[in-house]
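A.B. asks:
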Amino acid sequence: MGLIVVLVVGGIIGWLASMVMRTDAQQGIFLNIVVGIVGALLGGFLLAPLIGGASITTGAMDIRSLLVSFLGAIILLAIVNLFRRNAVR
23 MGLIVVLVVG GIIGWLASMV MRTDAQQGIF LNIVVGIVGA LLGGFLLAPL IGGASITTGA
83 MDIRSLLVSF LGAIILLAIV NLFRRNAVR
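Residue numbers (this note's numbering): 23 to 111.
1. Following the continuous alpha helix (DSSP H) through Ile59, name the residue where it begins and the one where it ends.
2. Check whether the segment 83-92 touches the segment 45-52, counting contact only when three or more Cβ pairs, one atom from each stretch, lie closer than 8 Å.
3. Quick check on Ile43: buried or exposed, where buried means 16 or more other Cβ atoms within 10 Å of its Cβ?
4. From which residue to which residue does the alpha helix (DSSP H) around Met83 run?
5. In the structure shown, what three-state DSSP assignment does Ala76 receive?
6. Is the beta carbon of Val30 sitting closer than 8 Å to the one on Ile78?
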């Protein structure tokens, strides 16, 4: 059951991050889930020591973990945009 929750929450976080970064038209459901989960891992690695909390992939589902995962997904999309277009939107 935990894996399903992580996939659903990761998909929502990836979708919200793609809306913020204006890449939603280029991504589908599968890519939103991947961006949400990989962004959660990235946020857990980079931002969790600064903000506190953990990422959603550890099973923590509080507001700090959702914020860390969301910011990690935005950072991931910014890095992808930087390599794809040589500019961050």
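By construction, the Cβ of each residue, glycine as well, lies at the ideal position given by its N, Cα and C atoms.
C.D. replies: Per the coordinate set shown:
1. Ile59: member of the alpha helix (DSSP H) spanning Ile51 to Leu68, first to last residue.
2. By the Cβ rule, the segment 83-92 does not count as touching the segment 45-52, because fewer than three pairs are nearer than 8 Å.
3. Ile is not the amino acid found at residue 43; the sequence shown has Met there. Its Cβ being crowded by 16 or more others within 10 Å, Met43 is buried.
4. Note, Met83: premise wrong, no alpha helix (DSSP H); not H, not E.
5. In this structure, DSSP gives Ala76 a state outside helix and strand, which the three-state scheme calls coil.
6. For Val30 and Ile78, no; Cβs fall outside 8 Å.
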